[in-house]
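Chemist: For the sequence shown, the numbering used here begins at 5 and goes up steadily by one.
Idealized CB from N, CA, C, for every residue including glycine.
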Amino acid sequence: MNTSSKDAIIFCAGAALGAGAIYYITERVKRINTNPYASINFTANGIDNPAEVQLQALPFSAATPPAAIEGATTNNDKMINFEKDDVLVEQLTRNVQFFGLEGQKKIANAFVVVVGLGGVGSHCAHLLLRSGVGHLRLVDFDQLTLSSLNRHCLATRADVGLPKATCLHRHFMEISPETYVEAMCEMYTDDTEESILSGRPDYVIDAIDNIDTKVSLLAACKRRNIPVLCVAGAGAKADPTRLRFADISASAVDPLARSVRYRLRKDYGISSGIQVLLSNEKPRCGLVSGVEDPADLGDYQVIPNFRIRTIPVLGTTPAIFGLAAAGHVLCELAKSPLHPTPMYRIQNKAIQTQYDRLEQREIEFFGITSTDQLGVDLQEVEILIKEVWQGSSARAPVPPADDQSVTRGLGNLVLTRWDRTRNGCVDNLVLLTKDEADEHDGCDFEQLKMNEPQFVEKVEKKLARARRDFLYSYY
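#1: Let me check one thing: in DSSP terms, what residues is P167 bridge-paired to?
#2: On the CB-based measure, 16 or more other CB atoms within 10 Å of its CB, does V93 come out buried or exposed?
#3: Taking the C-alpha atoms as reference points, what is the distance between Y184 and H139?
#4: Tell me which same chain residues have a C-beta within less than 8 Å of the C-beta of V143, skipping the five on either side of it?
#5: Give me the Cα-Cα distance between L467 and N432, rounded to the nearest whole angstrom.
#6: Determine the burial state of T321: buried for a count of at least 16 other Cβ atoms within 10 Å of its Cβ, exposed for fewer.
#7: Under 8 Å, with one C-beta from each stretch per pair, do the stretch 121-135 and the stretch 322-336 reach the 3-pair mark?
#8: Could you please give me the residues that DSSP links to Q2 through a beta bridge?
#9: Determine, using beta carbons only, whether H343 and R246 come nearer to each other than 9 Å.
#10: For D206, tell me which candidate among N229, E186 and P401 has the shortest Cα-Cα distance.
#11: Just curious, the alpha helix (DSSP H) that Y272 is in, first and last residue?
#12: Does the beta-carbon of I179 have 16 or more other beta-carbons within 10 angstroms, so that it is buried, or is it exposed?
#13: Please report the residue range of the alpha helix (DSSP H) in which I212 lies.
#14: Could you name the residues of the same chain whose beta carbon sits closer than 8 Å to that of D423, not counting the 5 residues immediately before and after it, in chain order?
#15: Taking the Cβ atom as the reference point for each residue, do L268 and A330 lie within a distance shorter than 9 Å?
#16: From D473 to Q147, what distance separates their C-alpha atoms?
#17: Using the Cβ count rule (16 or more neighbours within 10 Å means buried), how would you classify N45?
#18: When the Cβ atoms of the stretch 372-385 are set against those of the stretch 425-443, are three or more pairs found closer than 8 Å?
#19: Beta carbon of P287, beta carbon of G319: below 9 Å?
#20: Give me the Cα-Cα distance between V196 and I215, rounded to the nearest whole angstrom.
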């Protein structure tokens, strides 16, 4: 290798090292400028409470909205008319296939408020955005910390110290600039109720972990007739198979939901009518504190009545809660609601008894000569009772939601044919009390349609669902 070649190689290597050094320095400066924590020496500043660091490092008032982002929309016109935009059509194609065009248009026209943007709320808002909700309002007074990164949907280390609402707003505009996203760096209080719930939201997601604020928000939504989903505790839990949707009246299995239920009933007279997402898994661990002397806890409290101790969180669990909440709300917006499995248990022996009663009834009332002629098996009977009829008579005004008894009895109930001219198959069996079943089997079906059209419509909707769920048709 001649001298000129060596010089060229050395020159190129030096240039590469120089470029790398410049890039490193530039990125480091950017990180310091966007991350207030990066330039703070906790010990040198004499600060023992990280919460104080959050407040001191915040680059602007928590009530100040984030600056407008180039390309971000200030209305949802583009998303509402997504079918006219080739990029949005392609981006939302799987949703359109799932919900249909009209269902997706309802989602695009929707306005959803998410209050609480931690592990649960951030994941929920993220999927609402990706699913084409046209208008999102993101509400949280808090800032991101390093400990948030094990469960937050999009935050990076460069985002630490920023308000959670601002962080999501910035990332969301990179994902879907056509969506109208409002970021509100505020705590929900009676004073901020009007600004947070203004504009007639189609849905509110409560992902707050403070009980006072949570109860106040739920009561306000109930008073304003705004549909709201209350998300209960995701901390100290791990089992994704234990998530359930239930009415607030059937929420005693979760400690946070149980406390919310008590406070709503005691302070506002609300005992039902609010959907809750909860896990019936028992918490695996309790609250922890970094303070040795419990008497000093108040010294670390930045905001009155907010917890100082924290609950251990497996990062996957709040994500699952958030995605489940988003799925529930999307189906509601698209007018394709979920049919959650009830919160009670029915003993296997009771299911076998119901199967035996159906077999006996088919033989005595409808003349089948062998069990081979039964149109359902034991497993299908179980699904019909639990999921379609929810363990109660079709003539009950509403399925009982009271969970004071975890196990529901079926002693006075029986399955019988809805239309006696058809076989007793999955989409032609109705659960009634014995007396109701005897009366139904002896009535004129056409006369029933004339006399009780609302009851008939209710039953046939449930049977249509059974037909769809079983992919079953008698034609």
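Modeler: Reading from the atomic positions:
#1: Residue mapping note: residue 167 aligns to position 163 of the sequence shown, counting from 1. Note: P167 sits in a beta bridge opposite Q147.
#2: Numbered from 1 along the sequence shown, position 89 holds the residue referred to as residue 93. Burial call: exposed.
#3: As a working note, residue 184 is residue 180 in the sequence shown. As a working note, residue 139 is residue 135 in the sequence shown. Rounded to the nearest angstrom, the two C-alpha atoms are 5 Å apart.
#4: In the sequence shown, residue 143 corresponds to position 139, counting from 1. Around V143, the same chain offers V117, V118, V119, G120, L121, A169, M188, E190, Y192 and I200 as residues with beta carbons nearer than 8 Å, after the five sequence neighbours per side are excluded.
#5: As a first step, residue 467 must be located in the sequence shown, where it is residue number 463. As a first step, residue 432 must be located in the sequence shown, where it is residue number 428. CA-CA distance, L467 to N432, rounds to 7 Å.
#6: The residue labelled residue 321 in the question sits at position 317 within the sequence shown. Counting Cβ neighbours within 10 Å, T321 comes out buried, since at least 16 surround it.
#7: Touching, yes, given that three or more Cβ pairs across the two stretches are closer than 8 Å.
#8: The structure shown does not extend to residue 2, since the chain is modelled only from 5 through 479, so no value can be given for it.
#9: Sequence index remark: in the sequence shown, residue 343 carries index 339 (1-based). Sequence index remark: in the sequence shown, residue 246 carries index 242 (1-based). Their beta carbons are not under 9 Å apart, which means H343 does not touch R246 by this criterion.
#10: As a first step, residue 206 is located in the sequence shown; it is residue number 202 there, counting from the start. Among N229, E186 and P401, the Cα nearest to that of D206 belongs to N229.
#11: Along the sequence shown, read from residue 1 onward, the residue named residue 272 stands at position 268. Here the alpha helix (DSSP H) through Y272 covers P259 to Y272.
#12: Numbered from 1 along the sequence shown, position 175 holds the residue referred to as residue 179. Flag for I179 reads exposed.
#13: Counting from one through the sequence shown, the residue named residue 212 turns up at place 208. Premise fails: I212 is in no alpha helix (DSSP H) and is neither H nor E.
#14: Within the sequence shown, numbered from 1, the residue matching residue 423 stands at position 419. Excluding positions up to five away in sequence, the list reads N432 and F449.
#15: If you number the sequence shown from 1, residue 268 lands on position 264. If you number the sequence shown from 1, residue 330 lands on position 326. Not in contact: L268 and A330 (Cβ atoms no closer than 9 Å).
#16: For the purposes of this step, residue 473 is taken as residue 469 along the sequence shown, with counting starting at 1. For the purposes of this step, residue 147 is taken as residue 143 along the sequence shown, with counting starting at 1. Cα to Cα, D473 sits roughly 44 Å from Q147.
#17: Your numbering for residue 45 matches position 41 in the sequence shown. Per-residue confidence for N45 stands at a pLDDT of 38, beneath the threshold of 50, marking its modelled position as unreliable; no derived number is given.
#18: Result yes; three or more Cβ-Cβ pairs closer than 8 Å.
#19: As a working mapping, residue 287 is identified with position 283 in the sequence shown. As a working mapping, residue 319 is identified with position 315 in the sequence shown. At the C-beta level, P287 and G319 stay beyond 9 Å of one another.
#20: The sequence position of residue 196 within the sequence shown is 192, counting from 1. The sequence position of residue 215 within the sequence shown is 211, counting from 1. A quick correction: the sequence has Thr, not Val, at residue 196. Their Cα atoms are separated by approximately 17 Å.
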